[in-house]
Amino acid sequence: MRIVTPCYRGRFAPSPTGPLHFGSLVAAVASHADARSQHGEWLVRIEDVDQSRARPDAERQILEALHAFGMHSDSPPVRQSGRVTLYDAALHSLAQRELAYRCSCGRRRIAELGRPGREGPIYPGTCRVTPPAPYINSAWRVIVDGEPIAFEDRVLGPIVQDLIAEIGDFVIRRLDGYTAYQLAVVVDDEAQGITHVVRGADLLWSTPRQIRLQRLLGYRTPNYAHIPLVYGTDGHKLSKRDNAHPADPGQPMNGLRAAWLHLGQTDPPAEIRDVDAFWRWATRHWDIHRVPREQGPLNEPPDSL
Ligand code: GLU
Numbered sequence: 000m001r002i003v004t005p006c007y008r009g010r011f012a013p014s015p016t017g018p019l020h021f022g023s024l025v026a027a028v029a030s031h032a033d034a035r036s037q038h039g040e041w042l043v044r045i046e047d048v049d050q051s052r053a054r055p056d057a058e059r060q061i062l063e064a065l066h067a068f069g070m071h072s073d074s075p076p077v078r079q080s081g082r083v084t085l086y087d088a089a090l091h092s093l094a095q096r097e098l099a100y101r102c103s104c105g106r107r108r109i110a111e112l113g114r115p116g117r118e119g120p121i122y123p124g125t126c127r128v129t130p131p132a133p134y135i136n137s138a139w140r141v142i143v144d145g146e147p148i149a150f151e152d153r154v155l156g157p158i159v160q161d162l163i164a165e166i167g168d169f170v171i172r173r174l175d176g177y178t179a180y181q182l183a184v185v186v187d188d189e190a191q192g193i194t195h196v197v198r199g200a201d202l203l204w205s206t207p208r209q210i211r212l213q214r215l216l217g218y219r220t221p222n223y224a225h226i227p228l229v230y231g232t233d234g235h236k237l238s239k240r241d242n243a244h245p246a247d248p249g250q251p252m253n254g255l256r257a258a259w260l261h262l263g264q265t266d267p268p269a270e271i272r273d274v275d276a277f278w279r280w281a282t283r284h285w286d287i288h289r290v291p292r293e294q295g296p297l298n299e300p301p302d303s304l
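Residue numbers for the sequence shown, in numbering that gives the first Met the number 0: 0 to 304.
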């Protein structure tokens with residue numbers, strides 16, 4: 000059954016690996032402002048499919064922080080850990096059509112065999128040619144083809160990637176049994192009827208893989224916007240796992256204002272002092288064209304294109 004979607008349904012999809020830090024606050028603010036400025040819906044999805052990384056208190060901390068920053072999901076947040084049957088069905092559909100195959104190669108073997116790609120060695124397809132015996136523990140990979148995947152990013156403009164040249168057949172279920180991020184996110188965005196994805200530019204080069212999966216599974220492709228990352232003084236992007244720069248929900252206006260400025264938006268007038276007033280003002284003044292382009296190496300077109 001096709002889900003009827005509104006013109007705009009966006010989402011914020013944090014992984015519960017630590018408290019909301021300033022980088023994820025920026026992503027939340029951008030996705031929320033973009034949705035509300037277009038009278039759209041905004042959903043929160045807890046991406047806890049990788050239970051080995053999920054931290055017990057993080058989900059509660061993130062949801063409380065979002066609340067304090069004045070961002071409220073239009074329906075109760077869903078958790079990926081409760082949706083494994085949906086991911087299994089998608090994997091089954093790919094496997095049945097021989098678009099995915101089992102792979103028992105470990106990291107070290109892939110590093111030895113693969114030539115360098117954008118995100119590590121490119122898997123040379125060893126197990127596609129010689130499948131592992133049925134009793135051997137295995138991951139699953141989806142097959143890519145040489146047709147370049149192109150999309151128009153609302154911040155970064157035209158993006159194109161040749162998955163064979165840069166990524167190779169990629170993992171959709173991991174050796175440890177967890178569904179890989181790429182498959183889970185695509186299944187969820189479709190099942191939730193997401194029309195617009197606004198997220199950090201660290202995920203820019205995941206999007207062509209996600210579009211590949213959407214096409215193989217007969218799903219719709221949402222609109223994408225990838226926003227600039229926040230870097231710490233050490234030059235690395237902020238990560239929840241480092242416990243870096245937690246956003247202070249006790250002083251929500253400070254965090255909101257800083258996130259807003261990071262997104263290149265005009266400074267809110269001084270008389271805006273509380274969260275509700277901020278959002279009333281912000282939904283009228285959000286302008287995605289002002290969002291700066293990611294300046295880090297993530298945005299550099301690969302040499303091969
Ligand atoms: N769960 C991912 C993260 O916390 C975001 C995934 C997405 O927005 O597609 O970085």
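Heads up, the beta-carbon is just placed ideally off N, CA and C, and yes, glycines get one too. Note that the structure is predicted; figures quoted are calculated from it, not measured.
Kindly indicate the opening and closing residues of the beta strand (DSSP E) around histidine 91.
-> Per DSSP, histidine 91 lies in no beta strand (DSSP E); the unbroken alpha helix (DSSP H) holding it starts and ends at 83-95.
Taking the Cβ atom as the reference point for each residue, do aspartate 47 and serine 23 lie within a distance shorter than 7 Å?
-> Remark: C-beta atoms of aspartate 47 and serine 23 do not approach each other more closely than 7 Å.
Complete runs of the alpha helix (DSSP H) confined to the segment 233-284 [at least 4 residues] = Annotation note: the segment 233-284 contains the following uninterrupted alpha helix (DSSP H) runs of length 4 or greater, listed N- to C-terminal: 251-261 and 274-284.
Check the DSSP bridge columns for phenylalanine 11 and list the partner residues they point to.
-> Note: phenylalanine 11 sits in a beta bridge opposite Val43.
What separation, rounded to the nearest whole angstrom, lies between the Cα atoms of cysteine 104 and isoleucine 135?
-> The C-alpha of cysteine 104 lies about 10 Å from the C-alpha of isoleucine 135.
Taking one C-beta from the segment 83-94 and one from the segment 171-189 each time, how about it: are there three or more such pairs within less than 8 Å?
-> Judged by Cβ distances under 8 Å, the segment 83-94 makes contact with the segment 171-189, as three or more pairs qualify.
Near the ligand GDP: serine 30 beta-carbon under 6 Å from a heavy atom = With respect to small molecules bound, the structure shown includes the ligand GLU and not the ligand GDP.
Alpha carbon to alpha carbon, how far is alanine 12 from alanine 110?
-> Looking at the two C-alpha atoms, the distance is approximately 31 Å.
Serine 303 to valine 143, Cα distance in whole Å?
-> Reliability fails at serine 303, whose pLDDT of 32 lies under 50, so the model's placement of it is uncertain and the value that follows must be treated cautiously. Our two residues, serine 303 and valine 143, have alpha carbons roughly 17 Å apart in a direct line.
So asparagine 222 and threonine 194 are in contact, right, with Cβ under 8 Å, and what is the actual spacing, rounded?
-> About 7 Å; that satisfies the 8 Å criterion.
How big is the Cα-Cα spacing for alanine 64 and alanine 34?
-> The straight-line gap from Cα to Cα measures roughly 19 Å.
Per DSSP, cross-strand counterpart(s) of glutamine 160 | Its beta-bridge partners are Ile148.
Are three or more beta carbon pairs between the segment 118-125 and the segment 165-173 nearer than 8 Å?
-> Touching, yes, given that three or more Cβ pairs across the two stretches are closer than 8 Å.
Indicate the three-state DSSP secondary structure (helix, strand or coil) for valine 196 in the structure shown.
-> Valine 196: strand per DSSP, three-state reduction.
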